[in-house]
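If you're matching positions, the sequence shown starts at 1 in the working numbering and goes up one per residue. Heads up, the beta-carbon is just placed ideally off N, CA and C, and yes, glycines get one too. A short worksheet on the structure shown next.
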Amino acid sequence: MGNCCSDVAGGHASVGTTAGDLRNQADTANDAVDYFLRSRGHRGLFSQIELSFSASGLRDRDVLSKSDPMLVLYTKGKNGALEELGRTEVVLNSLDPTWITKHTLIYHFEVVQVLVFRVYDVDTQFHNVDVKMLKLEEQQFLGEATCALSEIITRFDQSLTLDLHRDDFITSTHSQNYGKLLVHCEESLSSKTAIEMIFRCSDLEYRDLFSRSDPFLLISKVVEGGMQIPICKTEVIKNDLNPMWKPVFLNIQQVGGKDSPLIIECYNFNSNGKHDLMGKVKRSLLELEKIHSSGQGEKLFLPNKVLNSQLFVDKFTESVQYTFLDSVAGGFELNFMVAVDFTASNGNPRLPDSLHYLDPSGRQNAYQRAIVEVGEVIQFYDSDKRFPAWGFGARPIDGPVSHCFNLNGSSHYCEVEGIQGIMTAYTSALLNVSLAGPTLFGPVISNAALIASHSVANGGRKYFVLLIITDGVVTDLQETKDALVKASDLPLSILIVGVGGADFKEMEVLDADKGEPLESSSGRVASRDIVQFVPYRDVQSGEISVVQALLAELPTQFLTYVRSRNIQPSL
Numbered sequence: 001m002g003n004c005c006s007d008v009a010g011g012h013a014s015v016g017t018t019a020g021d022l023r024n025q026a027d028t029a030n031d032a033v034d035y036f037l038r039s040r041g042h043r044g045l046f047s048q049i050e051l052s053f054s055a056s057g058l059r060d061r062d063v064l065s066k067s068d069p070m071l072v073l074y075t076k077g078k079n080g081a082l083e084e085l086g087r088t089e090v091v092l093n094s095l096d097p098t099w100i101t102k103h104t105l106i107y108h109f110e111v112v113q114v115l116v117f118r119v120y121d122v123d124t125q126f127h128n129v130d131v132k133m134l135k136l137e138e139q140q141f142l143g144e145a146t147c148a149l150s151e152i153i154t155r156f157d158q159s160l161t162l163d164l165h166r167d168d169f170i171t172s173t174h175s176q177n178y179g180k181l182l183v184h185c186e187e188s189l190s191s192k193t194a195i196e197m198i199f200r201c202s203d204l205e206y207r208d209l210f211s212r213s214d215p216f217l218l219i220s221k222v223v224e225g226g227m228q229i230p231i232c233k234t235e236v237i238k239n240d241l242n243p244m245w246k247p248v249f250l251n252i253q254q255v256g257g258k259d260s261p262l263i264i265e266c267y268n269f270n271s272n273g274k275h276d277l278m279g280k281v282k283r284s285l286l287e288l289e290k291i292h293s294s295g296q297g298e299k300l301f302l303p304n305k306v307l308n309s310q311l312f313v314d315k316f317t318e319s320v321q322y323t324f325l326d327s328v329a330g331g332f333e334l335n336f337m338v339a340v341d342f343t344a345s346n347g348n349p350r351l352p353d354s355l356h357y358l359d360p361s362g363r364q365n366a367y368q369r370a371i372v373e374v375g376e377v378i379q380f381y382d383s384d385k386r387f388p389a390w391g392f393g394a395r396p397i398d399g400p401v402s403h404c405f406n407l408n409g410s411s412h413y414c415e416v417e418g419i420q421g422i423m424t425a426y427t428s429a430l431l432n433v434s435l436a437g438p439t440l441f442g443p444v445i446s447n448a449a450l451i452a453s454h455s456v457a458n459g460g461r462k463y464f465v466l467l468i469i470t471d472g473v474v475t476d477l478q479e480t481k482d483a484l485v486k487a488s489d490l491p492l493s494i495l496i497v498g499v500g501g502a503d504f505k506e507m508e509v510l511d512a513d514k515g516e517p518l519e520s521s522s523g524r525v526a527s528r529d530i531v532q533f534v535p536y537r538d539v540q541s542g543e544i545s546v547v548q549a550l551l552a553e554l555p556t557q558f559l560t561y562v563r564s565r566n567i568q569p570s571l
């Protein structure tokens, strides 16, 4: 996966992962920086991949010869609508075609991308017509197949064989065979080619009245029309007019090419989000490489003014790195876990104003929506789809309050089958426990960490993702911090969704993107940022879904873990 991230442990490094995860892992409060980036158009993680197609055993629809097949690729939206992405060439007289035409598309980790493939037999009279101009209703439909892009990505050889079918007529006792479709994907080399740079500035101007400035760099690419798209930022360095930032990683694909122009802007951080521009430089990667080679600085400028401040490139190296997709194809799995808040502050589940209310109409409550939206993305990366599921803050029948009980009611095992298994166990638990309190995260996090620890001890190639859904601020804050700091050494990320109308400001301290690095009661600092927190209300009605807001950082956290331990994909 394309990367603009740092491998430096402890979260004191530069930020970003492709055009999406422009979040900071530094020791300063950068939620205002993140809002600033979002307002300028940043989106989720992506990687460019190429799809190729072949088929076998197609139905012969021609009388005097074999079929002349063409494949049409679509993407299916949440509303079921199809959008055509492209067409292959027509392969003449073949029931086992291998199409030459490839299709390039952008893979988004945080979105379920449903693809539909339709195969047509192109009539002889249209063989000299450009395939883009063909009217599909005039061709003979041979069959179709559907899958999520993630299903192809997660195969060891990144190839998936699908059965072609037809829904336009009903078969009798025997199912009809319409052939098979093989879809193969490859990640583009430009997604893997990384540029590592270390920037520093000299003689920045004072912008704060009573102290020196707090500078950070924002790197943007320039697209058609002159619009700037942010792709990376550094950490904020406090009180320094001659700052040197931690390494920045960019890939060729996200930049567009080594000769594509980049805008490097130096800002003075302000907690209100209104950052002061201290100067900027417009240079391509090729020109930045020359600046590095010369050892000279490049003067910053403002409109109509050249400054004495200079930008230096102290390091510039180019390499091909293993990506998130390499690791997934190489056998690494993401294992999903979920923990649900059953404290009394959620309200009586039998009443419509409760956050746990089960609507007879089938409309999902916020807990159910969060489980489905996150789970349906991650499930493709978990081969057995058996998910540990817990509840906390409730009193099981005839028992004391439990801060980590198995959602399925078992006293022996915590796993359930699939996303539907989580939903069924959640509904059952609501009928069999009494809501209580307080809100404690420590026991649930410790349980998840124990599973991750056992996996490491047994040589497992698994990375665990714990989703915690809660309606209130955590009560055991220091115990939670202790558990998180300990878990930061393990293959584990924790996604926290805040539901309801509570003030979750205090929760943001758990997310190092929005506060200081976590520190345990013994003074130990977390080795990396493993928490992503978002209030559900902040994103449920916006352009960015709760899934995208939560999952955008996950591949970066995964890569930070495997790279810091030099864990290579089994390719």
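Exposed or buried, residue i, counting other C-beta atoms within 10 Å across all chains shown (16 or more means buried)?
i, result
"serine 455", "buried"
"glutamate 508", "buried"
"leucine 559", "buried"
"glycine 179", "buried"
"phenylalanine 156", "exposed"
"aspartate 87", "Sequence inspection shows arginine at residue 87; the aspartate mentioned does not correspond to that position. Its Cβ being crowded by 16 or more others within 10 Å, arginine 87 is buried."
"tyrosine 35", "Because tyrosine 35 sits at a pLDDT of 42, beneath the cut-off of 50, its placement in the model cannot be relied upon, and the point is left open."
"tyrosine 381", "buried"
"asparagine 128", "exposed"
"proline 555", "buried"
"proline 443", "buried"
"alanine 81", "exposed"
"glutamine 253", "buried"
"serine 434", "exposed"
"isoleucine 378", "buried"
"aspartate 326", "buried"
"aspartate 60", "exposed"
"histidine 412", "exposed"
"glycine 523", "exposed"
Starting from residue i, trace the alpha helix (DSSP H) both ways and give me its first and last residue.
i, result
"serine 159", "It is not in any alpha helix (DSSP H) - serine 159 instead sits in the beta strand (DSSP E) that spans 159–163."
"phenylalanine 455", "The amino acid at residue 455 is misidentified as phenylalanine; the sequence shows serine. Here the alpha helix (DSSP H) through serine 455 covers 442–457."
"isoleucine 152", "149–153"
"lysine 192", "189–192"
"serine 48", "Note that residue 48 is glutamine in the sequence shown here, rather than serine. Not the alpha helix (DSSP H): glutamine 48 falls in the beta strand (DSSP E), residues 47–56."
"isoleucine 264", "Unbroken run through isoleucine 264 is the beta strand (DSSP E), 261–268; no alpha helix (DSSP H)."
"valine 255", "252–255"
What residue does the beta strand (DSSP E) around residue i start on, and which one ends it?
i, result
"threonine 470", "462–470"
"valine 474", "First-last for valine 474: undefined, no H or E at that position."
"tyrosine 561", "Premise fails: tyrosine 561 lies in the alpha helix (DSSP H), 554–564, not in any beta strand (DSSP E)."
"glutamate 83", "82–87"
"glycine 279", "276–284"
"valine 118", "Here residue 118 turns out to be arginine, not valine, going by the sequence shown. Note, arginine 118: beta strand (DSSP E), 114–121."
Taking the alpha carbon of residue i as the reference point, which residue from the options has its own alpha carbon closest?
i, options, result
"arginine 135", "Thr146, Asp121, Pro303, Leu307", "A small fix is needed here, since residue 135 is lysine in this sequence, not arginine. For lysine 135, the nearest C-alpha among the options comes from Asp121."
"proline 438", "Ala394, Lys66, Lys481", "Ala394"
"serine 191", "Thr101, Tyr463, Thr323, Met278", "Thr323"
"glycine 57", "Gln113, Val72, Leu51, Leu142", "Leu142"
"alanine 366", "Ile468, Asp398, Glu289, Asn272", "Ile468"
"alanine 483", "Ser570, Val465, Tyr463, Phe441", "Phe441"
"glutamate 224", "Ile237, Arg200, Pro261", "Pro261"
"alanine 429", "Gln548, Val116, Ala339", "Ala339"
"serine 574", "Gly279, Thr124, Thr98, Asp123", "With the chain covering 1 to 571 only, the question about residue 574 has no answer from this structure."
"valine 485", "Val433, Asn268, Ile530", "Ile530"
"valine 401", "Asn432, Lys505, Lys274", "Asn432"
"arginine 601", "Phe117, Thr124, Thr154", "Because the chain in this structure spans residues 1 to 571, residue 601 falls outside the shown range and cannot be described."
"glycine 460", "Pro535, Pro569, Gly523, Ser521", "Pro569"
"isoleucine 496", "Gly256, Thr470, Phe332, Asn447", "Thr470"
"glutamate 287", "Gly257, Asn177, Val306, Tyr536", "Gly257"
Problem - Inside the region 488–533 only - beta strand (DSSP E) runs reaching at least 3 residues - result: 492–498
Practice task
Would you check if the region 473–489 and the region 407–419 touch, i.e. whether three or more CB-CB distances between them fall below 8 Å?
Solution key: no
Exercise for the section: Let me know the alpha helix (DSSP H) ranges lying completely inside the region 291–346, each 4 residues or longer, listed in chain order. Expected result: 324–329
Handout entry: Completely contained beta strand (DSSP E) runs for the region 379–432, where each covers 3 or more residues
Key = 386–392, 394–396, 415–417
Exercise for the section: Check whether the region 311–331 touches the region 292–301, counting contact only when three or more Cβ pairs, one atom from each stretch, lie closer than 8 Å. Expected result: yes
Handout entry: alpha helix (DSSP H) runs contained entirely in the region 183–244, provided each spans 4 or more residues
Key = 189–192
Handout entry: Meets three-Cβ-pair contact criterion under 8 Å: the region 47–66 and the region 88–96
Key = yes
Practice task
Tell me, please, whether the region 357–377 touches the region 401–409 by the rule of three or more beta-carbon pairs shorter than 8 Å.
Solution key: no
Handout entry: contact_flag[the region 144–152, the region 106–126] where n(CB pairs < 8 Å) is 3 or more
Key = yes
Exercise for the section: Evaluate the contact criterion for the region 443–459 versus the region 486–505: three or more CB pairs, one atom per stretch, below 8 Å. Expected result: yes
Practice task
Spell out a yes or no on whether the region 349–365 and the region 210–222 are touching, meaning 3 or more CB-CB pairs, one atom from each, closer than 8 Å.
Solution key: no
Exercise for the section: Kindly confirm or deny that the region 279–295 and the region 158–165 touch, where touching means at least three C-beta pairs closer than 8 Å. Expected result: no
Exercise for the section: Say whether the region 191–201 touches the region 314–321, bearing in mind that this needs 3 or more beta-carbon pairs closer than 8 Å, one atom from each stretch. Expected result: yes
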